[in-house]
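Numbering (my numbering), first residue to last: 47 to 438.
Structure follows, in structure tokens:
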């Protein structure tokens with residue numbers, strides 16, 4: 047059953063008086079930012095004609111606008127039924143497109159990052175900020191993103207066997223991407239655990255956060271678990287200095303609404319590449335053809351945290367080319383951030399990873415919790431959209 051049939055079937059439940067109210071909604075734009083349909087096109091319309099006119103006027107959003115019009119009329123049961131029917135019809139098509147193997151090819155070994163990122167069209171930006179403004183984090187500036195990013199990369203350790211060859215490339219690529227997306231980047235290299243803590247804490251106090259619309263924190267190092275808590279290792283960590291580490295939970299406590307009120311109601315994206323405890327620390331011994339393990343996960347409300355793999359499962363970093371995780375992020379964001387929300391971007395990163403390493407038994411995981419005023423991640427509703435509006 048196609049979208050037209052679904053919409054027509056639902057409108058059949060409206061009596062003539064209610065259909066006139068529905069048409070009145072369309073002629074008056076339904077809600078702010080939606081272009082009204084000229085009255086002349088709907089004067090003698092039956093239900094099928096109304097649907098045809100809507101699909102022509104709003105080819106991508108006819109169903110969503112019909113749901114909104116029904117809600118405006120207090121026809122909540124019909125609106126909900128239409129919304130569920132539309133999801134049933136659209137989901138198979140969306141999944142087919144999103145998982146199309148031709149659209150997401152694995153990154154090749156000679157991969158180079160793009161020269162620039164693709165910008166949003168003004169039409170896309172206008173539609174998102176008008177028709178979907180209740181479902182997105184609204185930017186603080188209409189002209190250009192304002193935001194700061196923190197980038198910490200531990201490459202060289204006191205124990206040379208802990209060194210992370212290839213990590214410098216990840217740092218360069220992520221710095222390029224963040225700046226291209228409009229973020230100012232505060233960068234630190236080779237920090238102790240205490241220094242990581244100070245860097246994150248000082249970053250949380252930056253005055254610029256008041257005028258920002260979002261922030262990124264990217265940390266790359268080794269890790270372990272102490273007192274049953276995930277920790278990032280400082281560069282001085284070794285048997286003689288076992289206390290050089292930074293607890294992951296401190297990232298979230300430093301940037302939460304209590305300690306960083308300037309970032310309340312603003313998305314905070316955390317990217318982590320650090321191995322997690324137990325036997326995974328043995329993966330730090332890297333030969334010319336070897337790959338290295340990095341993984342852990344944490345979650346907190348108002349944050350989106352992405353890790354390179356499932357806990358206790360190896361992610362991969364080539365000493366000569368950097369990590370697949372960050373290569374995929376740079377590739378997907380530079381080519382697709384102009385049209386997809388951040389959850390979809392990372393889903394595509396994960397798809398690339400699976401294609402590149404089809405025999406590995408892991409996937410990238412994302413944990414996200416949002417404030418109740420926004421849509422939340424659950425089985426019954428869509429996740430809040432965090433879109434990186436890429437300006438020309």
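Think of the CB as a built atom: it goes at the ideal place given N, C-alpha and C, for glycine as much as any other residue.
Check, Outcome
"From residue 248 to residue 57, what does the alpha carbon distance come to, in whole angstroms?", "57 angstroms"
"Counting C-beta neighbours from all protein chains within 10 Å, is the total for residue 51 16 or more, i.e. buried, or is it exposed?", "exposed"
"Work out the CA separation of residue 373 and residue 295 for me, nearest whole Å.", "26 angstroms"
"Closest to residue 53 by C-alpha separation, out of 392, 109, 351, would be which residue?", "109"
"Any idea if residue 463 is buried or exposed, counting beta-carbon neighbours within 10 angstroms, 16 or more meaning buried?", "Since the displayed the chain opens at 47 and closes at 438, residue 463 lies outside it and no answer follows."
"If I'm right that residue 511 touches residue 80 with Cβ under 8 angstroms, what's the distance once you round it to whole angstroms?", "Because the chain is modelled from 47 through 438, residue 511 falls outside the range shown and cannot be assessed."
"So, with DSSP's three-state summary, where would you put residue 351?", "strand"
"Are residue 227 and residue 383 close, meaning C-beta to C-beta below 8 angstroms?", "yes"
"So the candidates are 265, 254, 349, 266; which of them puts its Cα closest to the Cα of residue 298?", "349"
"Given a threshold of 16 other Cβ atoms within 10 Å of its Cβ, counted over all protein chains shown, does residue 210 qualify as buried or as exposed?", "buried"
"Can you tell which of 231, 258, 257 has the C-alpha that lies nearest to the C-alpha of residue 245?", "231"
"Could you check what DSSP says for residue 296 in three-state terms: helix, strand or coil?", "helix"
"Of the choices 234, 126, 92, 352, whose alpha-carbon is the least far from that of residue 388?", "352"
"With 16 other CB atoms within 10 Å as the buried threshold, where does residue 207 fall?", "exposed"
"Buried or exposed, going by whether 16 or more other CB atoms sit within 10 Å of the CB of residue 123?", "exposed"
"So, using beta-carbon positions, are residue 225 and residue 284 closer together than 8 angstroms?", "no"
"Please report the straight-line C-alpha distance between residue 270 and residue 102, rounded to a whole angstrom.", "57 angstroms"
"Does the beta-carbon distance from residue 223 to residue 379 come in below 8 angstroms?", "yes"
"Alpha carbon to alpha carbon, what distance is there between residue 304 and residue 254?", "17 angstroms"
"Within this structure, are the beta carbons of residue 200 and residue 267 separated by less than 8 angstroms?", "yes"
"Cβ of residue 61 within 8 angstroms of Cβ of residue 115?", "no"
"Residue 226 by DSSP, collapsed to three states: which one?", "helix"
"In the region 242 to 320, which residue ranges form an unbroken beta strand (DSSP E) of at least 3 residues, counting only runs that do not cross its ends?", "260 to 266, 269 to 272, 275 to 279, 291 to 293, 314 to 319"
"Flag this pair as yes or no: are the beta carbons of residue 175 and residue 264 separated by less than 8 angstroms?", "no"
"Which of the three DSSP states, helix, strand or coil, is assigned to residue 232?", "strand"
"With a threshold of 6 angstroms on Cβ separation, who are the neighbours of residue 292 within its own chain once the five nearest residues in sequence on each side are excluded?", "239, 242, 243, 278"
"What does a CB cutoff of less than 8 angstroms around residue 128 pick up in its chain, not counting 5 residues either side in sequence?", "52, 53, 56, 109, 112, 113, 116"
"Could you tell me which residues DSSP puts in a beta bridge with residue 193?", "260"
"Within the continuous alpha helix (DSSP H) that includes residue 207, where are the two ends?", "No alpha helix (DSSP H) holds residue 207; DSSP gives it neither H nor E."
"Given that a residue counts as buried once 16 or more other Cβ atoms are within 10 Å of its Cβ, and exposed if not, what is residue 28?", "The requested residue 28 does not occur in the structure, where the chain is confined to residues 47 to 438."
"Ordered along the chain, which non-local residues of its own chain (more than five positions away) have a Cβ less than 6 angstroms from that of residue 100?", "108"
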